[in-house]
Amino acid sequence: MDERQARLIQQKLMNMDSYIGELGPYLESSLEEHLKKPGQRRIVERLAQVIIESAIDTNNLLIVASGGAPASTARQSFAAVHTMGVIDDHLLTCFRQTYLGLRNRIVRDYDVLDNKVVYLTARRLMEDARKYLGSVYRYLSEVKNQKR
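Using the working numbering, the letters of the sequence shown map in sequence onto residues 16 to 163.
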């Protein structure tokens, strides 16, 4: 991985961390309060979508940095970074089975979203996205140490 690739990945991770931080305050209210605020619901939807998209983008940057071609699907991007040892089984399962589905519903079925499901899933996403960040940072550190 060259220095430019490492900087791109780190910038993507910093942005993702920022989005997670932005999302947090919107999920502090109770579900009942959340459901009463359409503007807040839309903010949660968008931030969740951007967090998931950031992980997909990061996956593809990691794949390319390791000499591969970008994955043709988001699901394949998570499988590839799992194979590379970047993320564990838990994160692979969460992103592939839950968060990618949420992202797809936000993008394609935004007019029929179950706001309760979005709220509850976004709360879990925050924790798992932080784990994802930690996993990628550990991987980058290991790659850097191997070069020494």
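Using N, Cα and C, we set each Cβ at its ideal position, and we do this for glycine too.
On the three-state DSSP scale, how would you describe residue i?
i, result
"Asp-72", "helix"
"Asp-124", "coil"
"Ala-95", "helix"
"Pro-85", "coil"
"Val-101", "coil"
"Glu-43", "coil"
"Met-141", "helix"
Note down the Cα distance separating residue i from residue j, rounded to an integer number of angstroms.
i, j, result
"Ile-35", "Tyr-114", "14 angstroms"
"Val-127", "Arg-120", "8 angstroms"
"Leu-155", "Ala-21", "8 angstroms"
"Glu-157", "Leu-77", "13 angstroms"
"Asn-74", "Ala-94", "9 angstroms"
"Met-16", "Pro-53", "43 angstroms"
"Gln-64", "Ala-84", "24 angstroms"
"Leu-107", "Ser-150", "12 angstroms"
"Lys-27", "Arg-19", "12 angstroms"
"Thr-136", "Asp-103", "19 angstroms"
Using 8 angstroms for Cβ pairs, my map puts residue i next to residue j. What's the rounded Cβ distance?
i, j, result
"Ala-70", "Met-31", "7 angstroms"
"Arg-118", "Ile-67", "4 angstroms"
"Leu-62", "Glu-37", "6 angstroms"
"Ile-24", "Ala-80", "7 angstroms"
- Query: Using 8 angstroms as the Cβ pair cut-off and three pairs as the minimum, do the stretch 83 to 94 and the stretch 45 to 58 touch?
  - Reply: no
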